[in-house]
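Asks:
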Amino acid sequence: MNRIKMPGGGSRRLLRNFSANVDMRFDDAVLAEGTASKISGFDVTDGALTDGYGVEDCPEYSGKKGQTVWQFTRYDNEANEYKTCNMYCDVNGYVHYNYGDGWVILQHVSFSTLPDALTYRLYGDDSLIMTSPTDKMFVWDGVSSAQRIIDCPFISSMTMHYERMFATTPGESNAVYYSDDLDPTNWNASSMTEGGYVQLLDERGKLLKVVDFLDYVYVFREYGISRVTAYADQMDFRVANLYVSGGRIYPGSVCVCGDTVMLLASDGLYSFDGYNVTKRLKTVKFLPSPHSTAVYADGKYYLSACIENEGENDTLVVYDLGAGTFTLSPLSIKKLCKAGENVYAIMNDNRIGKVTKCGSVFGQPYEKVWESGETDMQSGEVKTISLITARSDGKATLTLTADGKRRTFELTPGGGITRIKPTVSGKVFRFRLSSSETDANISRLGYTVRGG
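If you read the sequence shown in the numbering used here, its first letter stands for residue 1056, the second for the next number, and so on.
1. Are there three or more Cβ pairs, one per stretch, closer than 8 Å when the region 1401-1415 is compared with the region 1069-1089?
2. Report, in whole angstroms, the separation of the C-beta atoms of Arg1129 and Gly1179, which I expect to be a contact under 8 Å.
3. Is it a yes or a no for the region 1191-1209 touching the region 1122-1138, going by three-plus beta-carbon pairs under 8 Å?
4. Which residue spans inside the region 1279-1346 form an unbroken beta strand (DSSP E) run of at least 3?
5. Among the candidates Lys1390, Asn1364, Asp1206 and Ile1204, whose CA atom is the shortest distance from the CA of Thr1348?
6. Under 7 Å, do Gly1096 and Gly1107 count as touching if we go by C-beta distance?
7. Within this structure, are the beta carbons of Cys1361 and Leu1342 separated by less than 7 Å?
8. For Gly1469 and Ser1480, what's the separation of their Cα atoms in angstroms?
9. How is Glu1136 classed by DSSP in three states: helix, strand or coil?
10. What residues are listed by DSSP as bridge partners for Arg1259?
11. How big is the Cα-Cα spacing for Val1332 and Tyr1252?
12. Quick check: the region 1252-1268 against the region 1276-1285, are there 3 or more CB pairs under 8 Å?
13. In terms of alpha-carbon separation, which member of Asn1368, Tyr1421, Tyr1330 and Ser1234 lies closest to Tyr1305?
14. Could you tell me whether the Cβ atoms of Val1164 and Phe1221 are closer together than 7 Å?
15. When we look at the beta-carbon of Leu1237 and count the other beta-carbons within 10 Å, is it buried (16 or more) or exposed?
16. So, helix, strand or coil for Asp1180, using DSSP?
17. Taking all protein chains shown into account, do 16 or more other C-beta atoms lie within 10 angstroms of the C-beta of Thr1248, making it buried, or fewer, making it exposed?
18. For the region 1444-1459 against the region 1137-1146, do three or more pairs of beta-carbon atoms, one drawn from each stretch, fall closer than 8 Å, so that the two count as touching?
19. For Ala1201, name the three-state secondary structure that DSSP assigns.
20. Whole angstroms is fine: what's the gap from Cys1312's alpha carbon to Gly1377's?
21. Suppose the cutoff is 7 Å on Cβ atoms and the five residues either side in sequence are ignored; what does the same chain contact list for Pro1345 look like?
22. Would you decide whether Arg1293 is buried or exposed? Buried here means 16 or more other CB atoms lie within 10 Å of its CB.
23. How is the beta strand (DSSP E) around Asn1153 delimited, first residue to last?
24. Look up Gln1433 in the DSSP assignment and give the residues it is bridged to.
25. Put Glu1277 into one of helix, strand or coil per three-state DSSP.
In structure tokens, the structure reads:
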């Protein structure tokens, strides 16, 4: 924050940009000037307070309610072209697909718990493999009837690695199962030439999620990370335990993000490069988030977790890994999904929408807030704020708190500078900027202080 001494006495302070973002680690009274004690719904990455992320209605899923969405792309050998269909699993567990000519139920496929899916080229055809922790595997080639695979484990997480599927199961909390080479539908563990399993028995806890990363299978567990070296021959499979976590890892947050894996634990957000774990976003305080969910898109890690209250996810964190910037938006998202180039949100009421930087939820703007820490301006004496200025493109409100007493002023929209003469006195002050509209675009907060 810039300070300018005024000729007639007092000083002029100007916050040229808001990019210092928020710091939740410290008491409001010790925050650096320009650092917020709270930000919700505003994006500050370009210096101004602009619309954060929201959820928009999208034509392909308009009016639909579901548990998850996918996109399946296959090569049509007859047409000699790739074809793509959108898919979703509805709240009753039935799977629907749409090649562009209307939604169709995928016959004889249903799930009793939240399913997952991945693509694999099986027997020469691109296929979608669908599983859930309580249902057997289904395989669909996009044309024929889906095939149900009975002789396979119930799968809680899965990944493909060197033409084998590796999976964790809900019933066996300390074993990683793997399929036959080149055939993720064959799980015969009675022969050392087909499927099998690897047991991990130590203090790191239950096996939560497997990911294919940097030529290995990494197993994320309740309190640690293990690595499985698994090339062609099962006899050469090896396990190494890499990391013991101080906090409980939340499986839904584990996400491969280019050359790193992001994960949320009960003691904070971390990145993992295959060897070392580094804490990220130290200024953000996460509450226990056992139902957190995450995806990676456009160089950003999208995480739905708990920041305001424990229980249901209440905040979408969008973290740009390259720039190190982040945005917090007040969105209650049950499940994040990436389909094609888009990020989709399954809301708590099971509505399906597209995540965009729109500052609203299905057309309804939410309240956006930027709030400073408390400041005595390095003086314990009574001071008077005689002038406040700010620029806003849209409707916004400025709230000035002096020694616990609040006064509220409206900023004039249209892009000009609003000049407010509050003549408010006190020892300790706090500033709050808020907007319940989109396109507020607030910048250049300044104020003149006299006395003290």
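Using N, Cα and C, we set each Cβ at its ideal position, and we do this for glycine too.
Replies: According to the structure shown:
1. no
2. Here residue 1129 refers to the residue found at position 74 of the sequence shown. Here residue 1179 refers to the residue found at position 124 of the sequence shown. That pair is no contact at about 11 Å.
3. yes
4. 1279-1284, 1293-1299, 1310-1312, 1315-1320, 1323-1327 and 1332-1335
5. What you label residue 1348 is simply residue 293 of the sequence shown in a count that begins at 1. Closest by alpha carbon: Lys1390.
6. On the sequence shown, residue 1096 is found 41 positions in, with the first residue counted as 1. On the sequence shown, residue 1107 is found 52 positions in, with the first residue counted as 1. Yes, the pair counts as a contact, with Cβ atoms nearer than the cut-off.
7. For the purposes of this step, residue 1361 is identified with residue 306 of the sequence shown, where counting begins at 1. For the purposes of this step, residue 1342 is identified with residue 287 of the sequence shown, where counting begins at 1. Yes; because the gap between Cβ atoms is below 7 Å, this pair is in contact.
8. As a first step, residue 1469 must be located in the sequence shown, where it is residue number 414. As a first step, residue 1480 must be located in the sequence shown, where it is residue number 425. Spanning the two alpha carbons is a distance of roughly 30 Å.
9. One-based indexing of the sequence shown puts residue 1136 at position 81. Strand.
10. Position 204 of the sequence shown, counted from the start, is the residue given in the question as residue 1259. Paired residues: none, contrary to the question.
11. Locating residue 1332 in the sequence shown gives position 277, where the first residue counts as 1. Locating residue 1252 in the sequence shown gives position 197, where the first residue counts as 1. Distance between the alpha carbons of Val1332 and Tyr1252 is about 27 Å.
12. yes
13. Within the sequence shown, the letter at position 250 stands for residue 1305. For Tyr1305, the nearest C-alpha among the options comes from Asn1368.
14. Position 109 of the sequence shown, counted from the first residue, corresponds to residue 1164. Position 166 of the sequence shown, counted from the first residue, corresponds to residue 1221. Not closer than 7 Å, so no.
15. Here residue 1237 is taken as the residue at index 182 of the sequence shown, counted from 1. Leu1237 comes out exposed.
16. Within the sequence shown, residue 1180 is the residue found at index 125, counting from 1. Here Asp1180 sits in strand by DSSP.
17. Position 193 of the sequence shown holds residue 1248. It is exposed - the Cβ of Thr1248 has fewer than 16 other Cβ atoms within 10 Å.
18. no
19. Locating residue 1201 in the sequence shown gives position 146, where the first residue counts as 1. Reduced to three states, the DSSP call for Ala1201 is coil.
20. Residue 1312 sits at position 257 when you count from the first residue of the sequence shown. Residue 1377 sits at position 322 when you count from the first residue of the sequence shown. Straight-line Cα distance between these residues: approximately 11 Å.
21. For the purposes of this step, residue 1345 is taken as residue 290 along the sequence shown, with counting starting at 1. Closer than 7 Å at Cβ, skipping near neighbours: Tyr1305.
22. Within the sequence shown, residue 1293 is the residue found at index 238, counting from 1. Its Cβ having fewer than 16 others within 10 Å, Arg1293 is exposed.
23. Within the sequence shown, numbered from 1, the residue matching residue 1153 stands at position 98. Run containing Asn1153: Tyr1149 to Asn1153, per the beta strand (DSSP E) assignment.
24. Taking the sequence shown and counting its residues from 1, the one referred to as residue 1433 is at position 378. Answer is none; Gln1433 lacks a bridge partner.
25. Within the sequence shown, the letter at position 222 stands for residue 1277. Coil at Glu1277, not helix or strand.
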